[in-house]
Amino acid sequence: MRFLIAVTGAEGHRALLSWAEIDPDPGQARVLLATRIDGTPLDARGPQPVLPQDRCGARHISGLTAVRVDGGYGGYGGGPAAEGDEGV
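The opening position of the sequence shown corresponds to residue 908 in our numbering, with each subsequent residue numbered one higher.
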């Protein structure tokens with residue numbers, strides 16, 4: 908549950924998801940990666956994440972250029988990761 912997923916779009920926009928949001932047990936929310944809209948490929952614009960639970964579109968990212976999954980976080984103090992914790 909300590910993993911974070913950061914996505915970056917072609918225009919430099921970024922969004923952050925928590926692992927709990929996409930885990931089927933606590934979150935029960937699907938996060939999809941769209942490669943087509945209404946059957947039309949997004950080749951020119953690039954793929955985009957689809958977050959149906961976000962009703963206002965605040966985390967809309969188009970032209971996805973990077974996805975980073977990281978779990979190397981320490982405790983609440985924001986310090987270094989505990990021994991044995993490694994980023995992905």
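For glycine and all other residues, C-beta sits at the position ideal for the given N, C-alpha and C.
Notebook entry, point to check: Which class does Ala922 belong to by DSSP, given the choice of helix, strand or coil?
Noted result: strand
Notebook entry, point to check: If you run the structure through DSSP and keep just helix, strand and coil, what is Ala927?
Noted result: helix
Item checked: Counterpart residues of Ala941 in DSSP-defined beta bridges -> Gln955
Check: How should Leu971 be labelled, buried or exposed, when 16 other C-beta atoms within 10 angstroms of its C-beta is the threshold for buried?
Finding: buried
Check: Taking DSSP as the reference, what is the three-state secondary structure of Ile968?
Finding: When secondary structure is reduced to three states using DSSP, Ile968 falls in the coil class, being assigned neither helix nor strand.
Note to self: Under DSSP, the beta strand (DSSP E) around Ala913 begins and ends at which residues?
What the structure shows: Leu911 to Gly916
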